[in-house]
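**Student:** My questions all concern the structure below.
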């Protein structure tokens, strides 16, 4: 007796007739880097449509800033990309300095570069940990990455008072000077870091399973990346040579000798490796800064923080945050609050091409691709 | 290009060597064992660590020695607006430089430290205590003046460098004020003396008949 | 050295660690002493009925540790016959229950211990302590887990097939336990002497897969169904390399009985290298194949796609809570022990000692030592590698492992018929290495493994 097709159990109502399954990888999910949802349509295991849904972490950051003084919204910029609060602070300070024309002393510039590169190191370490955690490596790499990241966060705590919400940059310099012994501790952290990077490379680079899961997955061509407005390591992994530290030469980055790694294939493996190589370049910059940092004031004593009323005008300042191009656009009308305050969030703009990267790949790859974009919902939703 | 000899599984074996090194290393020393048994062991926080604000008072009297003058600058600049101050007025309705009510709502305080930066009198500083967990929001997590007031000795205990610098500042300020007051006083005295001399010069006649015999 | 100190606020509320965690060695000594005292008390009480029998058996067992379980069992049966005058059928029944009870309690204790050891070993790999608060070194953690599982609410989804939902965990656990009955634990210590043991093992392995499907279908949840289907595809595909590796061993030892296979690995070559099959080229490759397929059969990393949290929550086990989940958990571990036990029997010489001067350690202890070494290896692999994707997993099984399985059989045959000289060994090794290198490049990595070189910008 042959079982005919009509004998098979009926499909449940969830499946539409042409066999497309729509699932929502919902806001509560172990691997979506925050409250983030993706509506995915699957044909078997292949993705045919993907729509990211976000806004679960919207906190009215821009609206709040338009009701508060310039000084008062500095702590809120910490909470945009909460992994790299010092970069956010610097971007905002840059934009206000551009608006008002305040000059920054030498030592403050060195301190800013030092802290921004430390921020890049710890952000990329956390990225490594999360990507491997998404792939199911049971948290080993996550723990190693956080072990090293914690040493950098200890440095931040002894300087700024807080591990992640630093609130350290001011318009015209930095808030407070280095305590005794900080430079020696920072030197120790920078000297020990290459050993950790070597260990990571040994664990990851040749690992066959990692290679199989990331090479050829989520390929994005350079032209698509430029069209989509992508910036940061994602753009450089697709082969486009664009690093704002080299293009704009903001701060004092033109004094340091570092290179920008570029990928050739634009897949997830390239993004992983570009970030690993960027960490090594950051170590070079840190080495130079720690050797050359001069003495001097860190804040112009005549610069005003409280009651700042910038002249009428607009300014857009950007920098190379660990996730991409972070920009602040301010319009001032001579009142204590900005007329318009807008953040250009790199994570959000990098996310717009998620569907293009995921189409045609398997459902298991979607998580890996999302992990390689390196988003933080605080920045996506603001 | 000739492909190199590939031994599948070698990458995984190298990775297993790393994890084995970490596992065995975790029994020797703390470098590869980065956790402590909280709450029995606690890490010492760095000096600059900040969590929630507190009010400093000099000496032993939490009310009389309180440095705060209720100028309400911190209330104005606080971004999440968690500070609530009510200044004290005496019988005539004049402002005494003292707060009657000083509340900070820890539910919303984001530890940004702006209140400390804008205070002109070094009276509000950041504490590093963090074990404030409570069972409900309003009774336990809204701190009042009596909870917030902590002595200068406590401040020295948690942040010695900063407290010493603050004391030096305050001392210098006091000296400056004392000098300025003394100068003003001297200038006033000089003016009074000059005025008196002038008045005396006007009253006494310019003759030499000055026999005042008693 | 991490500086540990207290802040003025916290100085007043600094608790002390519980006694068991502060003094683990003392607590362990106390526990062992308590167990010994209770055991001695029970022995004394039982001894009163027929003096000398039980104590005599215990003393004899201590004299000959290699045969201790058999001596103790015989002594207990003799005691029951004389002291309580049991009928012969009752003695038979008691004999069976003694064996079942011993097996279940030994493997139950090992299961509880493994659930703790896995967590602690993974934790140490990740630079942290594992559970260390419940008892000395966390030894009571499995008890705490058991109490937690038993007191949870048993949720059955509406629309779920209640019978299937209930039977699925049982269908997974029972075959795993049945397999434990045919393994040779020591010389003469096979609970059931089965002439077709290997066939029995593979039949039961297939039954486990039915349990997975029952769980997935009976949960009325499309994610469970997807997970179950993936899991079954994986388990079926990896049965074949398992089978091929075992086939080579069966071919060379000429019997399907595990006892005979262990006996075929008796003796030493050059009087210090044991005769185990793993020390031959085809045996080494076969062992690696068997072990990898064993990881896939137990749904363990890197083959734990069905349990991939980041994708499908828990696959076929999503809708299970409370005791049923505990049964799944137990089935997975006991399945792992059963397969590792088989690997030990087929390739690692069963209960034979590795070196002649270590033969004073009883055979059953060697069996469990080797078994546990394999379990620790599985845990080590779990802590290191990420998960394989579904199609990679299937490609790996069908395109790499099955051809390697055939190569192993061919190599075994060549090794056997060459008679044992060096040319036989060399030919065997070559027959195994060639497909490994050829297929590895093309298939196992799925992409021509590009050791990529990254360029840097010029500026």
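Residue numbers (my numbering), protein chains in the order written: chain A, 1 to 382; chain B, 1 to 214; chain C, 1 to 459. Glycine included, C-beta positions come from ideal geometry on N, C-alpha and C.
Is it the case that the Cβ atoms of residue 297 of chain C and residue 238 of chain C are separated by a distance below 8 Å?
**Tutor:** yes
**Student:** In whole angstroms, what separates the C-alpha of residue 51 of chain B from that of residue 13 of chain B?
**Tutor:** 45 Å
**Student:** Distance, Cα to Cα, residue 234 of chain A vs residue 150 of chain B?
**Tutor:** 51 Å
**Student:** To be precise: take each residue of the segment 47 to 62 of chain B, compare its Cβ to all Cβ atoms of chain A, and keep it if any distance is under 9 Å. Which residues remain?
**Tutor:** 47, 48, 49, 50, 51
**Student:** Assign residue 25 of chain C to one of two classes, buried (16 or more other C-beta atoms within 10 Å of its C-beta) or exposed (fewer than that).
**Tutor:** exposed
**Student:** Along the segment 110 to 134 of chain B, what residues have a CB closer than 8 Å to any CB found in chain A?
**Tutor:** Across the segment 110 to 134 of chain B, CB contacts with chain A closer than 8 Å involve 110, 111, 112, 113, 114, 117, 118, 126, in sequence order along the chain.
**Student:** From residue 349 of chain C to residue 252 of chain C, what does the alpha carbon distance come to, in whole angstroms?
**Tutor:** 14 Å
**Student:** Measuring alpha carbon to alpha carbon, tell me which of A:287, A:375, A:203, A:289 ends up nearest residue 22 of chain B.
**Tutor:** A:203
**Student:** Along chain C, which residues have their Cβ under 8 Å away from the Cβ of residue 66 of chain B?
**Tutor:** Those within 8 Å of residue 66 of chain B in chain C number zero; the least Cβ separation is about 20 Å.
**Student:** Does the count of Cβ pairs from the segment 183 to 192 of chain C and the segment 344 to 358 of chain C closer than 8 Å reach three?
**Tutor:** yes
**Student:** Helix, strand or coil for residue 384 of chain C? Go by DSSP, reduced to three states.
**Tutor:** helix
**Student:** So, do the segment 301 to 310 of chain A and the segment 53 to 73 of chain A have three or more beta carbon pairs nearer to each other than 8 Å?
**Tutor:** Between the segment 301 to 310 of chain A and the segment 53 to 73 of chain A, the count of C-beta pairs closer than 8 Å reaches three or more; the two stretches touch.
**Student:** For residue 69 of chain B, report the span of its beta strand (DSSP E) as first-last.
**Tutor:** Counting along the chain, residue 69 of chain B falls outside any beta strand (DSSP E), and DSSP gives it neither H nor E.
**Student:** Counting only Cβ-Cβ distances shorter than 8 Å, please list the residues of the segment 382 to 394 of chain C near chain A, keeping chain order.
**Tutor:** 382, 383, 384, 385, 386, 387, 388, 389, 390, 391, 392
**Student:** For a cutoff of 8 Å on Cβ pairs, would you count residue 145 of chain A as touching chain C?
**Tutor:** no
**Student:** Across which residues does DSSP place residue 24 of chain A in a beta bridge pair?
**Tutor:** A:39
**Student:** Beta-carbon of residue 140 of chain B versus every beta-carbon of chain C: anything under 8 Å?
**Tutor:** no
**Student:** In whole angstroms, what is the alpha-carbon distance linking residue 56 of chain C and residue 191 of chain C?
**Tutor:** 24 Å
**Student:** Hey, is residue 122 of chain A's beta-carbon within less than 8 Å of any beta-carbon in chain B?
**Tutor:** no
**Student:** Is there a Cβ from chain C that is less than 8 Å from the Cβ of residue 207 of chain A?
**Tutor:** yes
**Student:** Using only alpha-carbon positions, find the residue among A:75, A:103, A:108, A:278 that is nearest to residue 92 of chain A.
**Tutor:** A:75
**Student:** What residue range is occupied by the uninterrupted alpha helix (DSSP H) comprising residue 56 of chain C?
**Tutor:** 53 to 63
**Student:** Could you check whether the Cβ of residue 379 of chain C sits closer than 8 Å to any Cβ belonging to chain B?
**Tutor:** For residue 379 of chain C, the nearest beta carbon of chain B is not closer than 8 Å to its own beta carbon.
**Student:** Is it buried or exposed, residue 370 of chain C, if we count other Cβ atoms within 10 angstroms and call 16 or more buried?
**Tutor:** buried
**Student:** By the DSSP assignment, the beta strand (DSSP E) with residue 138 of chain A in it spans what residues?
**Tutor:** Element bounds for residue 138 of chain A: n/a, residue is neither H nor E.
**Student:** For residue 106 of chain B, which residues in chain A fall below 7 Å Cβ to Cβ?
**Tutor:** Ordered by position in chain A, no residue passes the 7 Å Cβ test against residue 106 of chain B, which lies about 15 Å from the chain.
**Student:** Residue 155 of chain C by DSSP, collapsed to three states: which one?
**Tutor:** coil
**Student:** Compute the minimum distance between the beta carbon of residue 224 of chain C and the heavy atoms of the ligand FAD, and state whether it is under 7 Å.
**Tutor:** In terms of ligand content, the structure shown is empty, and the ligand FAD therefore cannot be addressed.
**Student:** Check the Cβ-Cβ distances between residue 337 of chain A and every residue of chain B, and say whether any is below 8 Å.
**Tutor:** no
**Student:** In chain order, what residues of the same chain have a beta carbon less than 7 Å from the beta carbon of residue 77 of chain A, not counting five sequence neighbours either side?
**Tutor:** Hits under 7 Å: 88, 89, 92.
**Student:** With C-beta atoms as the reference, is residue 404 of chain C less than 8 Å away from residue 289 of chain C?
**Tutor:** yes
**Student:** Verify the CB distance criterion: does residue 125 of chain C have a CB-CB separation below 8 Å to chain B?
**Tutor:** yes
**Student:** Quick check: residue 262 of chain A and residue 236 of chain A, are their CB atoms within less than 8 Å of each other?
**Tutor:** Cβ distance < 8 Å, so residue 262 of chain A and residue 236 of chain A count as in contact.
**Student:** Going by DSSP in three states, residue 22 of chain C sits in which element: helix, strand or coil?
**Tutor:** helix
**Student:** Just confirm the distance between the C-beta atoms of residue 415 of chain C and residue 424 of chain C, as a whole number of angstroms; I'd bet it's less than 8 Å.
**Tutor:** 5 Å
**Student:** Indicate whether at least one CB of chain B lies closer than 8 Å to the CB of residue 172 of chain C.
**Tutor:** It does not; no Cβ of chain B falls within 8 Å.
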